[in-house]
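Accompanying notes for the structure given below.
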Amino acid sequence: MSTEYATRNSPRLRPGKFPPLVTISPLVSPHKLTIIVLHGRGFNAQKFHSPLLTSPSPDPSISFHQSLPNARFVFPTAPLARATKYRRSLIHQWYEGTGDWEPEARGNMRPSIEYIHKLLKDEIERLSGDAGKVVLIGFSQGGAMALMSWLLWEGQSLGAVVIMSGFMPLAESLMADETCDEVSEDGLFERDSEEEAKPPLQRAIDELRGEAELDPAPPTTSFPFLKTSVFVVHGKEDEDVEYCNGLSAAKCLERMGAKVEFKTYPALKHWYSPEELGHITQFINQQLDL
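Numbering (the numbering used here), first residue to last: 192 to 481.
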């Protein structure tokens with residue numbers, strides 16, 4: 192396994208700057224797909240990549256990495272920033288918020304979204320322009336950032352998206368629902384009269400762009416994410432990002448027209464399991480026809 196990343200002798204990273212990538216070459220030629228993986232808040236690529244890739248999935252003799260032998264893995268690291276939740280401690284986070292379990296708390300998303308979009312473009316170019324061979328995975332806050340980056344992506348449709356123990360930023364606002372236990376069935380995308388002339392999906396994307404502080408996009412009827420399937424997986428015993436947030440994300444995405452598969456793991460807390468990784472491998476293989 193060829194691994195490239197910054198060493199301990201690298202210059203001290205300044206807050207707001209994105210550290211060097213951790214990239215893992217395919218175990219077997221040819222290079223058929225690239226998987227970009229976004230870690231959770233407080234992690235970094237160096238700490239997150241090895242446990243994930245070496246975990247069984249689910250056969251103890253086959254690691255997650257070995258189950259996808261033709262994949263190039265790319266692990267970016269979120270920039271260092273002062274986290275309000277942790278008394279202004281300097282930690283790696285994709286955006287500011289009071290905690291992963293409070294999905295309505297967000298701020299300073301734009302730099303991370305633009306950075307991830309640049310990674311997507313680079314990896315698509317590496318695959319001869321075939322966006323359908325690129326997979327975006329996110330864990331915890333990385334899942335929220337993966338969703339934002341995917342929904343606001345204006346390039347060709349990606350091959351697949353996987354959200355692990357994550358949540359959908361603005362889910363409650365988009366669903367016009369203030370509770371975590373039940374998602375509104377009739378309040379989706381409620382807006383004031385000035386917005387009613389726009390289609391509901393356009394209004395939703397406009398709101399996401401506004402929260403990410405991205406420039407307004409011209410009206411369109413073509414949304415690349417509608418052609419990409421998303422796999423949302425969540426542990427029922429998750430106490431950090433509660434299960435209801437994963438369920439809310441899946442329902443919100445379904446109401447937006449996305450192709451969603453949602454799977455629950457009854458005994459799983461805020462992490463991943465061999466069974467879950469096995470299902471993720473199956474999903475990727477099916478979506479990319481490997």
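Virtual Cβ for every residue (Gly too), placed ideally from N, Cα, C.
Treat the numbers as computed from the prediction; the structure is a model and nothing was measured.
query: Taking the alpha-carbon positions, what's the HIS240 to LEU259 distance?; result: 14 Å
query: For SER375 and SER319, I'd like the C-alpha separation in whole angstroms.; result: For SER375, the pLDDT reaches just 41, beneath the cut-off of 50, and the residue's location in the model is therefore unreliable, although a value from the coordinates is still provided. Going by the C-alpha atoms only, they are around 43 Å apart.
query: For PHE209, name the three-state secondary structure that DSSP assigns.; result: coil
query: Quick check for students: name the residue ranges of the beta strand (DSSP E) that lie wholly in the region 230-318, counting only runs of 3 or more.; result: 262-266, 271-274, 280-283
query: So who's on the other strand from THR225, going by DSSP bridges?; result: ARG263, VAL325
query: From what residue to what residue does the alpha helix (DSSP H) around MET336 run?; result: 332-342
query: Taking C-beta to C-beta, are LEU361 and ARG400 nearer than 8 Å?; result: no
query: From what residue to what residue does the beta strand (DSSP E) around LYS450 run?; result: 450-456
query: Can you grab the Cα-Cα spacing for the pair ILE396 / ALA337, in whole Å?; result: 15 Å
query: With ALA403 as the anchor, note down where its beta strand (DSSP E) starts and where it stops.; result: Per DSSP, ALA403 belongs to no beta strand (DSSP E) and is neither H nor E.
query: LEU468: buried (16+ other C-beta within 10 angstroms of its C-beta) or exposed?; result: buried
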